[in-house]
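Step one of this worksheet: look at the structure below.
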Amino acid sequence: MPSPITIPALFRMKRQSEKIAAVTAYDFPTAKIAEDAGIHLVLVGDSLGMVVQGNTNTLPVTMEEMLYHTRIVARTCRQAFVVGDMPFMSYQTDIPAAIANAGRFIKEAGAAAVKLEGGASVSRVIEALTEAGISVQAHIGLTPQSVHQMGGYKVQRDEERLLNDALEVEAAGAFSVVLEGIPADIAATITQRLQIPTIGIGAGPHCDGQILVIHDLLGLTDRHVPKFVKPYAQLMAIGKDAVAKYVQEVGSGEFPGPEHCY
78 MPSPITIPAL FRMKRQSEKI AAVTAYDFPT AKIAEDAGIH LVLVGDSLGM
128 VVQGNTNTLP VTMEEMLYHT RIVARTCRQA FVVGDMPFMS YQTDIPAAIA
178 NAGRFIKEAG AAAVKLEGGA SVSRVIEALT EAGISVQAHI GLTPQSVHQM
228 GGYKVQRDEE RLLNDALEVE AAGAFSVVLE GIPADIAATI TQRLQIPTIG
278 IGAGPHCDGQ ILVIHDLLGL TDRHVPKFVK PYAQLMAIGK DAVAKYVQEV
328 GSGEFPGPEH CY
């Protein structure tokens with residue numbers, strides 16, 4: 078059985094130019110698919126607000142909901158490194174609250190680390206969490222929790238600000254940083270400047286790793302998917318066909334057949 082992925086292993090992968098493969102997962106089936114496929118890192122993302130709960134953004138997701146889903150995923154994964162996503166307003170109010178909430182992901186939910194959005198503006202929070210013994214993954218560029226401030230889901234092109242954000246979160250102690258919605262050349266520059274791994278989503282091929290929402294990867298959605306998504310299956314269509322066939326067979330009496338009866 079392969080050894081569990083750790084933060085030193087992620088750093089080694091960056092040094093050796095081995096790409097890090099990451100996905101989101103939210104429950105036993107999605108975590109089991111990712112784990113059994115050999116994924117390196119699983120993020121229990123607050124994106125569950127959209128792909129699981131059907132909201133239009135991630136803002137309504139609560140701490141209790143995130144802890145619930147993280148607990149399931151952490152229980153499922155034995156090799157993959159599990160990160161719990163801190164939801165909106167769980168770390169923005171003050172540092173003691175951020176430490177207490179982040180600690181719950183580790184102590185109660187079994188995550189190995191937490192993720193929070195923001196660059197220089199949250200560097201003090203990252204530093205405080207790190208000093209408290211909580212590993213932090215940062216997230217810069219297009220940050221969905223700031224969707225209203227950004228005026229929508231827009232590509233971020235301010236290279237000076239993005240590089241400064243990346244350097245700030247690294248200096249504060251983040252063990253990696255998600256780069257979202259950033260032009261590939263800017264993401265390449267950031268990746269070259271940092272000692273910590275960069276995980277891209279809509280940030281081109283030069284990051285140290287990539288992450289996709291597993292529902293997008295599997296085609297388990299009928300919502301619009303961004304340009305950077307590559308569906309590797311079409312499970313929504315397959316599922317609809319299967320259920321439609323079930324409805325037809327129940328109606329015709331074909332199911333259940335003799336082989337399904339005791």
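According to this note's numbering, the residues represented by the sequence shown are 78 to 339, in order.
Each residue gets a CB set at the ideal place from its N, CA and C atoms; glycine is no exception.
Small disclaimer: the values here were computed from a predicted structure and weren't measured.
Helix, strand or coil for residue i, going by three-state DSSP, please let me know.
i       : result
Ala-108 : helix
Pro-279 : Per the sequence shown, residue 279 should be read as Gly rather than Pro. In the structure shown, Gly-279 sits in coil (DSSP, three-state: anything other than H, G, I, E or B).
Asp-162 : strand
Ala-190 : strand
Val-129 : coil
Leu-87  : helix
Gly-195 : strand
Pro-274 : coil
Thr-268 : helix
Asn-134 : coil
Leu-206 : helix
Tyr-168 : coil
Gly-296 : coil
Glu-142 : helix
Asp-113 : helix
Gln-222 : helix
Ser-80  : coil
Gly-180 : helix
Ser-200 : helix
Asp-262 : helix
Under the DSSP definition of a beta bridge, which residues are partnered with residue i?
i       : result
Ile-217 : Leu-256
Ala-98  : Gln-287
Leu-118 : Ala-99, Phe-158
Measure the beta-carbon distance from residue i to residue j and round it to whole angstroms, keeping in mind my assumption that it falls under 8 angstroms.
i       : j       : result
Gly-250 : Ile-203 : 6 angstroms
Ala-188 : Val-159 : 5 angstroms
Ala-111 : Ile-276 : With 8 angstroms as the limit, Ala-111 and Ile-276 do not qualify as a contact, their Cβ atoms being about 15 angstroms apart.
Asp-162 : Val-121 : 6 angstroms
Ile-273 : Phe-305 : Wrong, their Cβ atoms sit about 22 angstroms apart, outside the cutoff.
Leu-144 : Phe-105 : In fact, because the Cβ distance is near 16 angstroms, the residues do not count as touching under 8 angstroms.
Ala-261 : Gly-281 : 3 angstroms
Leu-240 : Arg-270 : 7 angstroms
I'd like to know whether the C-beta atoms of residue i and residue j end up nearer to each other than 7 angstroms.
i       : j       : result
Ile-176 : Ala-209 : yes
His-292 : Val-255 : no
Gly-279 : Gly-258 : yes
Val-290 : Thr-135 : no
Thr-147 : Lys-109 : no
Met-90  : Ile-97  : yes
Gln-169 : Ala-190 : no
Glu-245 : Ala-197 : yes
Gly-330 : Gln-311 : no
Ala-157 : Ala-186 : no
Gln-233 : Glu-194 : no
Pro-164 : Val-128 : no
Leu-125 : Tyr-103 : yes
Thr-298 : His-283 : no
His-117 : Ile-149 : no
Going residue by residue through the region 226-253, where are the continuous alpha helix (DSSP H) segments of at least 4 residues, counting only ones entirely within it? 236-249
Exercise. Tell me the start and end of each unbroken alpha helix (DSSP H) in the region 301-332 that is at least 4 residues and wholly inside, in chain order.
Key: 312-329
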